[in-house]
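Okay, so here's the structure we're looking at.
There are 2 protein chains.
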Amino acid sequence: MKRAQRIAIITERLIFNPNTFFTLTSFSRELEAAKSTLSEDIAIISDTLKQSGAGFVLTKQGIQGGVSYCPKYSPEKALKEVQAVCKTLNTPNRVLPGGFLYWSDILSNPAIIKKLARIVAGEFLNSGADFVLTMETKGIPFAFMTAEALGIPLVMARRMSKVYEGSAVSINYFTGSGSLESMSLPKRAIKPGSTALIVDDFIKKGGTALGMCTLMKEFDVQVAGMAFMLSQNQQQRFISGDISLMTLSRPSEAVPYVTPSSWLKDRVSEGEE
Amino acid sequence: MKRAQRIAIITERLIFNPNTFFTLTSFSRELEAAKSTLSEDIAIISDTLKQSGAGFVLTKQGIQGGVSYCPKYSPEKALKEVQAVCKTLNTPNRVLPGGFLYWSDILSNPAIIKKLARIVAGEFLNSGADFVLTMETKGIPFAFMTAEALGIPLVMARRMSKVYEGSAVSINYFTGSGSLESMSLPKRAIKPGSTALIVDDFIKKGGTALGMCTLMKEFDVQVAGMAFMLSQNQQQRFISGDISLMTLSRPSEAVPYVTPSSWLKDRVSEGEE
């Protein structure tokens, strides 16, 4: 097998399985190549991905050595992707009666969601999160793709516990609009002492997010961070320390307007790597 | 830029964007290489992916020529992946009180779901489906990843219509257990005259699946096919013509047992490509 072929196979494997560790030994066996040769292949892949803004390859040296692919967009690429989504969201025909913004189609569009999820994942590569937690329903694809990019599982909290999921832990929480809701997780869904990354599509006051934090306390789970696709500007919030990709404001009561979040914009101006 | 680098970049782009068309012109501009050179690069990638069982690259000739990546597992690879999932599902500690099988963790595990979704997608590459339809909640990741692999959007039907999604079409349907449920979709979620692929996690009698078919009729949408991750053996079904990856049987009332579906096994014995 020639270099070009090995690079095609290794790149396919790494890109399809982000944040998944592959030993050099397994590649060496499959591709019938010396580890030194494979190391050269991987160096080329790593440099090339980095230059194209798609992320980088982490290398672990030694006998148990191997590689994993970390998707991480540059701040410029992240901002550019989010700007494109904002432009789509700001088309006038998306405004529904009541001033609501129609964006369900965006939330379940793989071509868009997987890019946005990689921006969030890139921020939490070293957070130690063992799983992503989300609350059903609309944010599931975004949370799932964030988990995918981080190479960890997703856990979905439900409004009600289901008989087919066994014993469950439920909590009650107040939404931002003041109504009392329930949130439930099967007991066996989470290992006590692990670490969660909370991901959802939308945050306003943060009632649901606070509910998820409360639920994690019940499981003796730490929260490594909270990330949302869209945040609505609010004076009073139930939570802090979260990041969001886009901000929803209302220049007039009936017209929603979406812009990249200041977090995203600041990263570019600060020249953060 | 050398061949090895070009192959790394093109492979990354194709694998991250399955069933998405890239023109040779755009690659030629970005990689500063002649189209004839790129055609050679792509031939290497295509042959290599095919040999490794990861799918193939479709090439469109001519001035508007370009390429797209079609993920398609060989029947053997598909069966092997599903067998591994069955083995996980058949561990005794997954049996819950009432004889229910705990598998929520599998349904939201990206490492597993994306492989299973590619098996379904490989079957519907030429189905003409414009979108994948699923009914909330548990099957969303599987349906989303099937849509991702096919390069089309996902549409999620909900139990209730939401004010923030505008006017909706709702239908009532009977579940297999005889209860009456509702299913709703925003009017603007679907273009009349398009084609749907129905994907869900589980099918028993097919009440929900029939409901989705009824809903599609309301939208003047054709159904290209129906695919499920797990099917429970039933004498009387509301629908037919669907495929599933795994079959759930109950050797004794309290013990669920999961095996690869006969559809998957037959493909291997028939030597289908």
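Protein sequences appear in the order of chains A and B.
Using our numbering, read the first sequence as starting at -6 and increasing by one per residue.
Using our numbering, read the second sequence as starting at -6 and increasing by one per residue.
We treat Cβ as the ideally placed atom computed from N, Cα and C, and that holds for glycine.
Can residue i and residue j be called in contact, C-beta distance under 8 Å?
| i | j | result |
| --- | --- | --- |
| D273 (chain B) | I3 (chain B) | It is not possible to answer for residue 273 (chain B), since the shown part of chain B is limited to -6 through 266. |
| P85 (chain A) | G159 (chain B) | no |
| K198 (chain B) | G169 (chain B) | yes |
| T13 (chain B) | G121 (chain B) | no |
| P64 (chain A) | S101 (chain A) | no |
| S24 (chain A) | R6 (chain A) | Here the sequence assigns Leu to residue 24 (chain A), which means Ser is not the residue at that position. No. |
| V75 (chain B) | T139 (chain B) | no |
| T272 (chain B) | I99 (chain B) | Beyond the ends of chain B as shown, which are -6 and 266, falls residue 272 (chain B); an answer cannot be given. |
| L271 (chain A) | M205 (chain A) | The structure shown has nothing for residue 271 (chain A), since chain A only spans -6 to 266. |
| L126 (chain B) | F137 (chain B) | no |
| Y250 (chain A) | R260 (chain A) | no |
| Y157 (chain B) | F49 (chain A) | no |
For the beta strand (DSSP E) that contains residue i, what are its first and last residues?
| i | result |
| --- | --- |
| V50 (chain B) | F49 to K53 |
| V156 (chain B) | From DSSP, V156 (chain B) is part of no beta strand (DSSP E); its letter is neither H nor E. |
| S177 (chain A) | L173 to P179 |
| P249 (chain A) | V248 to P253 |
| L126 (chain B) | F124 to M128 |
Would you kindly report the start and end of the unbroken alpha helix (DSSP H) that includes residue i?
| i | result |
| --- | --- |
| F20 (chain A) | L17 to L24 |
| Q57 (chain A) | Note, Q57 (chain A): premise wrong, no alpha helix (DSSP H); not H, not E. |
| T30 (chain A) | K28 to Q44 |
| L7 (chain A) | R(-4) to F9 |
| T13 (chain A) | Premise fails: T13 (chain A) is in no alpha helix (DSSP H) and is neither H nor E. |
| E263 (chain B) | Run containing E263 (chain B): none; DSSP gives neither H nor E here. |
| L143 (chain A) | I133 to L143 |
Under 8 Å, Cβ to Cβ, is there at least one residue of chain A near residue i?
| i | result |
| --- | --- |
| P85 (chain B) | no |
| E211 (chain B) | no |
| A150 (chain B) | no |
| R(-4) (chain B) | yes |
| R243 (chain B) | no |
| K268 (chain B) | Residue 268 (chain B) is absent from the structure shown; chain B starts at -6 and stops at 266. |
| L42 (chain B) | yes |
| S101 (chain B) | yes |
| R22 (chain B) | no |
| K107 (chain B) | yes |
| I196 (chain B) | no |
| F15 (chain B) | no |
| V156 (chain B) | yes |
| T18 (chain B) | no |
| T81 (chain B) | no |
| L190 (chain B) | no |
| T201 (chain B) | no |
So, does the CB of residue i fall closer than 8 Å to a CB anywhere in chain B?
| i | result |
| --- | --- |
| L147 (chain A) | yes |
| D98 (chain A) | yes |
| N119 (chain A) | no |
| F9 (chain A) | yes |
| L31 (chain A) | no |
| F137 (chain A) | yes |
| S187 (chain A) | no |
| Y95 (chain A) | yes |
| I112 (chain A) | no |
| S163 (chain A) | no |
| S67 (chain A) | no |
| T52 (chain A) | no |
| G91 (chain A) | yes |
Looking at the ligand MN, does it come within less than 7 Å of residue i, judged from the CB to the closest heavy atom?
| i | result |
| --- | --- |
| P11 (chain B) | Here there are no bound small molecules, and the ligand MN is not part of this structure. |
List in chain order: all unbroken alpha helix (DSSP H) runs of 4+ residues lying wholly within the segment 59 to 111 of chain A. 68 to 82 and 97 to 100
Those runs of the alpha helix (DSSP H) which lie wholly inside the segment 161 to 241 of chain B and span at least 4 residues: 200 to 211
Please identify, using Cβ separations under 7 Å, the residues of the segment 208 to 241 of chain A that lie next to chain B, in order along the chain. none
Listed from N- to C-terminal order along the chain, which residues in the segment 246 to 263 of chain B have their beta-carbon within a distance smaller than 8 Å of any beta-carbon of chain A? none
If contact means a Cβ-Cβ distance below 7 Å, which residues of the segment 168 to 186 of chain A contact chain B? P179, R181 and A182
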